[in-house]
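One structure below.
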Amino acid sequence: INHIPIFLQGGNWIATDAMLQYSTSYERYYDEVCLHREAGLNFIRIWGGGIAERPEFYNAADELGMLVMQEFWMTGDNNGRWGGSYDTPYDADLYLRQAEDTILMLRRHPSLLFWCGGNELWPRNKSPRTPIQLGLQKLMGKLDYDRFFILSSMDGGHWGLNYSDHDDDFALAVKDGPYGLLDPLTFFRENNPGLQQQQNGSSSIFNISFQPEVGSSSMPQYESLLRMGLVQNAIMNDDDNKTNNALP
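If you use our numbering, the sequence shown corresponds to residues 174 to 421, in order.
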């Protein structure tokens, strides 16, 4: 960025406000983006199975110095790869008009690092379908030509890992994941942590310079579990194995 190399460390942003109750709240977006920064991240990926985030989100990202990868609204989960239909989105003209409005709305933000057509779209000759693929490329060339744009986050065949089905001009990676807990030493011993087990014990063939998605297990705060009604209003005292009802 501005001729300065930056190592990106980010997280996926997937509809943190599912009902859009606080979609105009700058304070809410600021607090949530700030959580990413305090976790040591400098990058947020707006996942293609969600929405284009609001200007309030981008205003917060601008102020906090976070970089953003914004995907358009397509994902292999329902665009034919693993479910749904390769014909979606059905109305290409409407989709591209929405894409144009989104580009015009967000292109002024310095936090917007690059655009992606969608999540895990494949194969290139089907997903996204030709009118949308060509339409997005045309819009980018016209409205935001100096920003990087790529059509898919991951290709590599139906389940990934197949280099014969990978195209650097189409997708960021040949495989994403893994999804689960890893031995911390794995991150120091392997070029692509966790993928070694999926390729007969060898990950040396992988040349993944940008991994769009890695999953891990996590636990909400105890207070959040209480608010969601998932536990009773009590915690266990390890010392005497008695119930402690001190927390509200």
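Here a beta-carbon is modelled for each residue, glycine too, at the ideal position from N, C-alpha and C.
Model, not experiment: these values are computed from the prediction.
Contact holds between the region 292 to 302 and the region 240 to 259, because three or more Cβ pairs, one in each stretch, are under 8 Å apart. With respect to the 8 Å criterion, Met327 and Leu354 are not classified as neighbours on the basis of their beta carbons. Inclusion of Glu386 and Asp349 in the CB contact set at 8 Å is warranted, their separation being smaller than that value.
Non-local C-beta neighbours of Val404 in its own chain, meaning closer than 6 Å and more than five positions away in sequence, comprise Leu398, ordered along the chain.
Linking Ala272 to Phe245 through their CA atoms gives a straight-line distance of about 7 Å. By the Cβ criterion, the region 232 to 248 is in contact with the region 209 to 218, since at least three pairs of Cβ atoms, one from each stretch, lie closer than 8 Å. With contacts defined by Cβ atoms closer than 8 Å, Leu279 and Leu286 do not form a contacting pair. Excluding sequence positions up to five before and after Lys299, its CB lies within less than 7 Å of the CB of Gly253, Tyr259, all in the same chain and listed in chain order. For Ile217, the pairing in a beta bridge is given by DSSP as Gly184, Val241. Here Trp186 is buried. Its C-beta has 16 or more other C-beta atoms within 10 Å.
For Phe230 and Ile224, the gap between their C-alpha atoms comes out near 12 Å. In summary, Ile177 is exposed, with fewer than 16 beta-carbon neighbours lying within 10 Å of its beta-carbon over all protein chains present. Trp332 sits exposed, since fewer than 16 C-beta atoms from the chains shown fall within 10 Å of its C-beta. Residue environment analysis places Thr248 among the buried positions, since at least 16 neighbouring C-beta atoms fall within 10 angstroms of its C-beta.
Rounded to whole angstroms, the separation of the alpha carbons of Lys315 and Arg270 is 14 Å. Its chain contains Leu316 as the residues whose beta carbon lies nearer than 7 Å to that of Leu277, once the 5 sequence neighbours on both sides are disregarded; these appear in chain order. Taken in chain order, the complete beta strand (DSSP E) segments of 3 or more residues contained in the region 310 to 338 are 321 to 323, 325 to 327. Pairing Ala233 with Tyr203 gives a Cβ-Cβ distance under 8 Å.
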